[in-house]
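Here is the structure we will look at.
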Amino acid sequence: MKKRILILGAGFGGLELSTSLSETLGETVEITLIDKSDFFVFGFSKLDVMFGRAAPETVRLPYRSIAKPGVRFVQQTITAIDPVAKRVTTNKGVFLADYLVIALGADYEVGATPGLTEGENEFYTVEGAERLRGMLPDFRRGRAIVGVCGAPFKCPPAPSEAALMLHDFLEQRGVRDQCDITLVIPFTTPIPPSPDSSKALVAAFAERNITFIPTRRVRELSPERRVVVLDDDTTLPCDLFLGIPKHRAPKVVEASGLTEDGWIPVNSRTLETRYAGVYAVGDVSNPGTPKAGVFAEGAARSVASSLIAELSPAGKHQPYAGAGSCYVEFGGGRVARVDVDFFSGPKATGAHREASTELRVEKEHFGSSRRARWFGMRS
Ligand SMILES: Cc1cc2nc3c(=O)[nH]c(=O)nc-3n(C[C@H](O)[C@H](O)[C@H](O)COP(=O)(O)OP(=O)(O)OC[C@H]3O[C@@H](n4cnc5c(N)ncnc54)[C@H](O)[C@@H]3O)c2cc1C
139 MKKRILILGA GFGGLELSTS LSETLGETVE ITLIDKSDFF VFGFSKLDVM FGRAAPETVR
199 LPYRSIAKPG VRFVQQTITA IDPVAKRVTT NKGVFLADYL VIALGADYEV GATPGLTEGE
259 NEFYTVEGAE RLRGMLPDFR RGRAIVGVCG APFKCPPAPS EAALMLHDFL EQRGVRDQCD
319 ITLVIPFTTP IPPSPDSSKA LVAAFAERNI TFIPTRRVRE LSPERRVVVL DDDTTLPCDL
379 FLGIPKHRAP KVVEASGLTE DGWIPVNSRT LETRYAGVYA VGDVSNPGTP KAGVFAEGAA
439 RSVASSLIAE LSPAGKHQPY AGAGSCYVEF GGGRVARVDV DFFSGPKATG AHREASTELR
499 VEKEHFGSSR RARWFGMRS
């Protein structure tokens, strides 16, 4: 009988894992990829949508395009996970696995921040990015705040990118002089593992007259009083809020008993959970790397190598390296890159590559290569 590999979640982690397994094992195994959505959207596309650089329909990558040997995509909502029996219940049925990989990402706990509303004043959901896209052209005067409501959060550079892109957006409309921009993040620097990237970002904020408030998070918002309140009780006037909600593991994962301190603990080199044959990759897990697509992808490749090593004589386990490159929008059409490495040395490092138009092309290739690899799209 063919081994059954069940992958929960078709985001960065699940897509890369199913692709890698299919490439080597093909029809010799039964790979089932389950997601509640019928499309995938890159996180960075939400910024493009919000600032009107991409139309919402162009960034939705439909799962029906997936055609890979051995892989079956199932659009269903997972309602229960039993890691001992490797048994998964969905809104439509039950799936049993020989190997179970949880790649369900991070959910948002919007209600934890009074005044924050999903799909309204946050840009971390597709709905929120689309809604703000409609509202931004009306913002011509006043105080804008890009604010983080809790850590950890996905893609640590994203709030800085949003502030810089907002600057460009307002400047292109000729209203920048009438608007203030403030960025509130809970870290001491914009990208803690990279002093050089952080320095470049802080200089970019200063050049553009963006007020940077580090080591603070937004505790609540009062749209009626037009203020946000920070965790040290500072009150800031605010006419436009672009928020990053608090994150949490999906409730179905919490209910499964797999989490500890909010996320699934894993062996940082093998991504194994404490249950035999059960792995977790990406934002839902806690291997010691940030919540970002490149890390979910790297973890997925490592799990693929473990499963291939178990199921085929050719395979060899590749430990998760905990390293990856993140692209950072600097505005003005330029993109920087930070090459972060969490496991090689005694502490995390982040090498900075200065913002350039060449790196913009490289970032575009990052997206198009995944569209081709995961969805078979050539464009
Ligand atoms: C604005 C923004 C910009 C970003 N920019 C970058 C960037 O430039 N580079 C980068 O590397 N990362 C970036 N990220 C982060 C990146 O998008 C995430 O870290 C990445 O998607 C995590 O991958 P994952 O596979 O763990 O989870 P996800 O990609 O979130 O996938 C999880 C999947 O699980 C599904 N799911 C959840 N619950 C259920 C359920 N109960 N039943 C069925 N399916 C379910 C979801 O529908 C989803 O498809 C950005 C994020 C944002 C918000």
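One rule links them: number in this note's numbering = place in the sequence shown (from 1) + 138. In this text, a Cβ means the ideal position worked out from N, Cα and C, and glycines have one as well.
_Cβ contact check for the segment 249 to 262 and the segment 441 to 453: 3 or more pairs under 8 Å_ = Counting Cβ pairs under 8 Å, fewer than three are found: no touch.
Going along the chain, which unbroken runs of the alpha helix (DSSP H) with 4 or more residues stay wholly within the segment 442 to 482? Listed in chain order, there is nothing to give.
Outcome for residue 164 when other beta-carbon atoms lying within 10 angstroms are tallied against a minimum of 16: Classification of residue 164: exposed, given that the 10 Å Cβ count is below 16.
Quiz item: So the beta strand (DSSP E) residue 346 belongs to, where does it begin and stop?
Solution: Looking at the DSSP string, residue 346 is not in any beta strand (DSSP E), and its letter there is neither H nor E.
Expressed to the nearest angstrom, what Euclidean distance is found between the alpha-carbon atoms of residue 184 and residue 200? Residue 184 and residue 200: Cα-Cα distance of roughly 16 Å.
Q) Under three-state DSSP, which class holds residue 316? A) In the structure shown, residue 316 falls within a helical segment according to DSSP collapsed to helix, strand and coil.
*Whose CA, out of 202, 293 and 281, lies closest to the CA of residue 385?*
Nearest of 202, 293 and 281 to residue 385, Cα basis: 293.
Whole-angstrom C-beta distance between residue 431 and residue 150, which should lie under 8 Å: The Cβ separation is near 4 Å, so the contact holds.
In whole angstroms, what separates the C-alpha of residue 218 from that of residue 415?
The C-alpha of residue 218 lies about 17 Å from the C-alpha of residue 415.
Determine the direct distance from the alpha carbon of residue 295 to that of residue 332, and round the result to whole angstroms. Spanning the alpha carbons of residue 332 and residue 295 requires a straight line of approximately 11 Å.
Would the C-beta of residue 304 count as close to ligand 1, meaning under 6 Å from any of its heavy atoms? In this structure, the C-beta of residue 304 stays at least 6 Å away from each heavy atom of ligand 1.
(message) Starting from residue 243, trace the alpha helix (DSSP H) in both directions and tell me its first and last residue.
(response) Unbroken run through residue 243: none, as it is neither H nor E.
Taking the C-alpha atoms as reference points, what is the distance between residue 298 and residue 467? Straight-line Cα distance between these residues: approximately 8 Å.
Where the beta strand (DSSP E) through residue 261 begins and ends
No beta strand (DSSP E) contains residue 261, which DSSP labels as neither H nor E.
Looking only at DSSP bridge pairs, what is residue 219 linked to?
By DSSP's assignment, residue 219 forms a beta bridge with 226.
Exercise for the section: Compare the beta carbon distance of residue 271 and residue 188 with 7 Å and say whether it is the shorter of the two. Expected result: For residue 271 and residue 188, yes; Cβs fall inside 7 Å.
Would you check if the distance between the CB atom of residue 240 and the CB atom of residue 418 is smaller than 7 Å? Residue 418 is positioned such that its CB atom lies closer than 7 Å to that of residue 240.
Compute every distance between the C-beta of residue 242 and the non-hydrogen atoms of ligand 1, then say whether any falls below 6 Å.
At a cut-off of 6 Å, the beta-carbon of residue 242 counts as near ligand 1: some heavy atom of the ligand is closer than that.
Could you give the first and the last residue of the continuous beta strand (DSSP E) run that contains residue 297? Element bounds for residue 297: not the beta strand (DSSP E) but the alpha helix (DSSP H), 296 to 310.
Quick check: the Cα distance between residue 232 and residue 512, rounded to an integer number of angstroms?
Whole-angstrom Cα-Cα distance: 26 Å.
- Task: Could you tell me whether any non-hydrogen atom of ligand 1 is closer than 6 Å to the CB of residue 335?
- Result: No; taking the cut-off as 6 Å, the Cβ of residue 335 has no heavy atom of ligand 1 nearer than that.
Measuring alpha carbon to alpha carbon, tell me which of 157, 159, 169 and 155 ends up nearest residue 143.
Distances from the alpha-carbon of residue 143 to those of 157, 159, 169 and 155 put 169 closest.
Residue 357 and residue 365 closer than 7 Å at C-beta: It is not a contact, given that the beta carbons lie outside the stated cut-off.
Open item on the list: On a Cα-Cα basis, can you pick out the residue from 141, 162, 176 and 167 that is closest to residue 147?
Closed with: The shortest C-alpha separation from residue 147 is found at 176.
- Message: Extract the residue ranges of the beta strand (DSSP E) inside the segment 148 to 198, only unbroken runs of 3 or more that lie entirely within it.
- Response: If only uninterrupted beta strand (DSSP E) runs of at least 3 residues are considered, those enclosed by the segment 148 to 198 are 167 to 173.
- Task: Kindly indicate the opening and closing residues of the beta strand (DSSP E) around residue 282.
- Result: From DSSP, the beta strand (DSSP E) with residue 282 extends over 280 to 286.
Can you find at least 3 beta carbon pairs, one from the segment 341 to 354 and one from the segment 366 to 382, that sit closer than 8 Å? Contact between the segment 341 to 354 and the segment 366 to 382 is present, with at least three C-beta pairs closer than 8 Å.
Original post:
Secondary structure at residue 487, three-state DSSP: helix, strand or coil?
Top reply: DSSP, reduced to helix, strand and coil, places residue 487 within a strand of the structure shown.
message = Let me make sure I understand the geometry here. Which of 238, 278 and 288 has the alpha-carbon closest to that of residue 262?
response = Of the listed residues, the one whose Cα sits closest to residue 262 is 288.
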